[in-house]
Amino acid sequence: MRRPLATAAAALLMTWGVPTAQAYVSASRFDDPAVDGGGGGRHFTGSPSDGYTCAVCHTGGERPEVGVIGLPSDGYVPGTTYDLEVTLPTAAVSAMALELTDAMGRRAGAVALPPEPALDERCEGGAGEVAGHAMTLPDDRQIIAMDACGASALRATWSAPPESVGPVWFTAIVVMGDASADPTGDGVRELSVLMPIRGGSAEAAQVGSACSAGGAPGAHWGAWTLLILLLLRRRRH
Amino acid sequence: MRLVCPGPRPLGPLFALLALLAGCVGAPGPAGPPDVDQATFEALVYPILVRDCAFPACHGQAGRFLRVHGPGRSRLSEETALSAPATDEEMTLAFERTRSMLASAESPEASLLLRKPLELDQGGAPHMGVDRFGRDVFADTLDPAYLALLQWAGSQRGAP
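Here the protein sequences line up with chains W and C, keeping their order.
Following my numbering, the numbering of the first sequence begins with 1 at its first residue and continues without gaps.
Following my numbering, the numbering of the second sequence begins with 1001 at its first residue and continues without gaps.
1. Going by DSSP in three states, Ala97(W) sits in which element: helix, strand or coil?
2. State the DSSP-derived secondary structure class of Glu121(W), mapped to helix, strand or coil.
3. What do you get for Gly147(W), buried or exposed, if any count of 16 or more other CB atoms within 10 angstroms of its CB means buried?
4. Checking contacts by CB at 8 Å: is Asp1140(C) closer than that to chain W?
5. Closer than 7 Å: is that where the CB of Ala55(W) sits relative to any heavy atom of the ligand SAH?
6. Tell me, which residues are paired with Phe1080(C) by DSSP?
7. Within its chain, find whatever has a CB closer than 7 Å to the CB of Arg42(W); leave out the 5 residues flanking it on each side and keep chain order.
8. What's the C-alpha gap between Ser192(W) and Pro33(W)?
9. Over the uninterrupted beta strand (DSSP E) stretch that includes Leu84(W), give me the two end residues.
10. Less than 8 Å between the beta carbons of Leu154(W) and Val86(W), yes or no?
11. For a cutoff of 8 Å on Cβ pairs, would you count Gly1070(C) as touching chain W?
12. Straight-line CA distance for His1127(C) to Ala1139(C)?
13. Here's the rule I'm using: 16 or more other beta-carbon atoms within 10 Å means buried, otherwise exposed. How should Ile143(W) be labelled?
14. Pull up the distance between the alpha-carbon of Thr1141(C) and that of Gly1123(C), whole angstroms please.
15. Taking Cβ-Cβ distances below 7 Å as the criterion, which residues of the stretch 41-74 of chain W are in contact with chain C?
16. State buried or exposed for Val77(W), treating a residue as buried only when at least 16 other CB atoms are found within 10 Å of its CB.
17. Could you say which of Glu62(W), Gly75(W), Arg122(W), Asp139(W) lies nearest to Gly105(W) if we only look at CA atoms?
18. Rounded to the nearest angstrom, how far is the Cβ of Pro1033(C) from that of Ala1103(C), given a contact under 8 Å?
19. Identify every run of the beta strand (DSSP E) within the stretch 131-159 of chain W, keeping only runs that are complete inside it and at least 3 residues long; order them along the chain.
20. What does the Cβ neighbour count give for Ala1062(C), buried or exposed, with the cut at 16 atoms within 10 Å?
21. Quick check on Ser212(W) - is its C-beta less than 8 Å from some C-beta in chain C?
22. If you reduce the DSSP assignment to three classes, tell me which class Glu1089(C) lands in.
23. Can you give me the C-alpha to C-alpha distance between Ala1105(C) and Leu1113(C), rounded to a whole angstrom?
24. Leaving aside the five residues before and after Thr1080(C) along the sequence, list all residues of the same chain whose C-beta is less than 7 Å from its C-beta, in chain order.
25. Under 8 Å between the Cβ atoms of Gly150(W) and Glu124(W)?
26. Taking the CB atoms as reference points, tell me whether Ile197(W) and Ser159(W) lie closer together than 8 Å.
27. Quick one: list the residues of chain W neighbouring Arg1055(C), beta-carbon separation under 8 Å, in chain order.
28. Identify the residues that DSSP records as bridge partners of Glu238(W): which are they?
29. Under 8 Å Cβ-Cβ, which residues of chain W neighbour Tyr1046(C)?
30. Excluding five sequence neighbours on each side, which residues of the same chain lie with their C-beta closer than 8 Å to the C-beta of Leu1147(C)?
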C-alpha cells in the first residue's frame, strides 16, 4: 500500500456500514481528494459546470424511472419561486444530485430544501434522517444532493434569478444502486431541461456549444435523421 | 448518447508491437518513452488522472491502453476494496502507461498525453472522452491540470 495504515483504516471506517452500491457514502465525499476515493471536487451533475455524470462510474443497471414536477419548462419568469418535486423508485435505493445553471455553468438563482420534509423525503422509508442536502461549493455552485438511504422523493424550491441570465439548465442525475459493493450493475437516469426565459427561446443557449459524441440533449436527432435518409436511399437502389 | 466514454479500443497490442520494435532496434531512441520522474507523477499527475480519467466507463477499463485504477474508481484487483488507497501495482501500471503516452513526441506538448484531453481548437487531438456538452477535459493550455501534466512530462527521473 502506498499510504500509511492509519489512512487505510480511516477509509475503511468511512465505508463501514454502507450497504448501497454507491462509491460515495454521501455527496459530501465529492469534495474529498480523488486519491482518497473522493470526487476531487467533481459532483457529476451533468450541468454545464460539470459535464460528466454518474454514468462514468455507475454502469450496467436498469435506468430508474424518475418524475419531475414543477419545472417551468415553457419559460421561467425572473424573480419567481418555483416548487419542484423529484420522485424516485420507491423500491430502490437511489441517490440523486441536481443543479440549475446558466449556459456558462454559473449558478442560476437559488435552490433550497423545504423546512419540513415529508416522510418520503427521509431515509429508511420515513424513519431516518432527511435525505436531501443543499450544498454551496467554493465556486458558488449550488447543488441539491440526496443520499442513497431509502428516500423516494425530494422537494425543493427554485428561486429564479431576479434578472434574466438567459436560458437555464436544470440537470439531475439519479443513480439506482443494486446493493453491491461497486458501481457496476447500477442504473443511471440523466435529466436535462433547458428552460428559456418566458417569451424567449431556449435554442439560443445551444448555439455555439459543441454537441458531439457526448452531446447535449437533442444533439442526436440530426444523426438519426441522416441515418434514416441513408437507409431510405439504399432501399431505393 | 449520454455516456462520455467509448468502449475499449484494441490499441494495447499496437502499442506493444511498437514498443517491441523499438526495443529490437537497440538502445532507446528519441521515439521511446522519456525517463520521467515517478515521484513527481505520484504527487502531481496521478491525482489528476484519478479525478478526470480513471472512471470505470473511461480509462478505468481493462481494455484501454491508458489505464488508470484507483480509489473510488475501478480497481486493478477485485480483492482491493473500492475506497482503499492505490496499490503499488496500480501506481506502477498508471505510471508506465502514462509515460508511454509521451513517446514519439517531438515535445511534451505534442504528445498524446497532452493533446488528447485538450480541445481541438487549442491544438488537441481527437478524444472520445468529451463531456455531454462535447467539451474535452482541458479548455486550453492554461488549465492548471494541463500545466501540471506538462511540468511532469518535462521532468527527469530523480530530479528534485
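Beta carbons: idealized from backbone N, C-alpha and C, even for Gly.
Since the model is a prediction, treat every value here as computed from it, not as a measurement.
Looking at the coordinates:
1. strand
2. helix
3. The sequence shown places Asp at residue 147(W), rather than the Gly named in the question. Looking at its Cβ environment, which holds 16 or more other Cβ atoms inside 10 Å, Asp147(W) is buried.
4. no
5. This structure lacks the ligand SAH; in fact it carries no ligand of any kind.
6. At residue 1080(C) the sequence reads Thr, which differs from the Phe that was named. DSSP lists no partner for Thr1080(C).
7. Phe30, Asp50, Tyr52
8. 28 Å
9. 81-87
10. yes
11. yes
12. 13 Å
13. buried
14. 9 Å
15. Arg42, Gly46, Pro48, Gly51, Tyr52, Thr53, Ala55, Val56, Cys57, Thr59
16. exposed
17. Asp139(W)
18. 4 Å
19. 132-136, 142-146, 153-159
20. exposed
21. Residue placement at Ser212(W) cannot be trusted, given a pLDDT of 27 that sits under 50; the coordinates are not used to answer.
22. helix
23. 10 Å
24. Thr1087
25. yes
26. no
27. Strictly speaking, residue 1055(C) in this sequence is Phe, with Arg absent from that position. The answer, in chain order, is Tyr52, Val56, Cys57.
28. For chain W, the structure presents residues 1 to 237; residue 238(W) sits outside this window and is missing.
29. Val35
30. Thr1141
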